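Novice: Just dropping this structure here.
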Amino acid sequence: MDLHFRTARREDVPVIVAMINEDPITAARPSSGEPDYYAAFEAVDTDPRNELIVVESDGEVVGTMQITYIPGLSRRGGERALIEAVRVAVPHRNRGIGREMMRWAVERARERGCALVQLTSDKARTEAHRFYGSLGFDASHEGFKLLL
Numbered sequence: 037m038d039l040h041f042r043t044a045r046r047e048d049v050p051v052i053v054a055m056i057n058e059d060p061i062t063a064a065r066p067s068s069g070e071p072d073y074y075a076a077f078e079a080v081d082t083d084p085r086n087e088l089i090v091v092e093s094d095g096e097v098v099g100t101m102q103i104t105y106i107p108g109l110s111r112r113g114g115e116r117a118l119i120e121a122v123r124v125a126v127p128h129r130n131r132g133i134g135r136e137m138m139r140w141a142v143e144r145a146r147e148r149g150c151a152l153v154q155l156t157s158d159k160a161r162t163e164a165h166r167f168y169g170s171l172g173f174d175a176s177h178e179g180f181k182l183l184l
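With the working numbering applied, the sequence shown covers 37 to 184.
Here it is as structure tokens:
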């Protein structure tokens with residue numbers, strides 16, 4: 037399968053949101069008002085430390101992810117890449133697209149000089165945990181969140 041990676045454009049927002057919302061864990065999360073996806077897109081798109089990526093196959097968007105680059109003093113001052121909201125459209129799953137997306141993201145972080153790549157995954161996503169483990173990710177930390 038020939039995959040093309042590119043920066044998301046404003047017109048990609050509806051398909052990105054659809055991929056995010058077709059996830060049952062995401063769909064079950066409580067909402068506090070009408071989301072403004074276009075304002076969120078603009079914030080990500082204009083921030084040089086964020087990349088919202090879409091993956092195309094035959095001109096169709098089949099995947100998406102966001103990479104955030106975080107500077108810091110830990111890791112000897114090395115920047116880290118945080119990979120978030122990794123999604124493959126339902127009809128295109130189990131074809132190796134997610135694996136290629138993660139390889140691409142790790143290589144992107146490596147080229148940027150990042151010291152490490154990290155991600156979080158909901159505890160209920162046991163299949164995703166196996167997938168990330170198969171790519172060499174280590175479940176080395178426990179994550180915490182506080183909803184506001």
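For every residue, glycine included, the Cβ atom is placed at its ideal position computed from N, Cα and C. Quick caveat, the model's predicted, so the values are computed rather than measured.
Can you tell me whether S93 is helix, strand or coil according to DSSP?
Specialist: strand
Novice: Can you tell me where the beta strand (DSSP E) with T82 in it begins and where it stops?
Specialist: It is not in any beta strand (DSSP E) - T82 carries neither H nor E in the DSSP assignment.
Novice: Alpha carbon to alpha carbon, how far is I106 from G172? Give it in angstroms, no decimals.
Specialist: 21 Å
Novice: In angstroms with no decimal places, state the Cα-to-Cα distance between E92 and M37.
Specialist: 10 Å
Novice: With C-beta atoms as the reference, is L88 less than 8 Å away from V80?
Specialist: yes
Novice: DSSP three-state label for F173, please.
Specialist: In the structure shown, the three-state DSSP call for F173 is coil.
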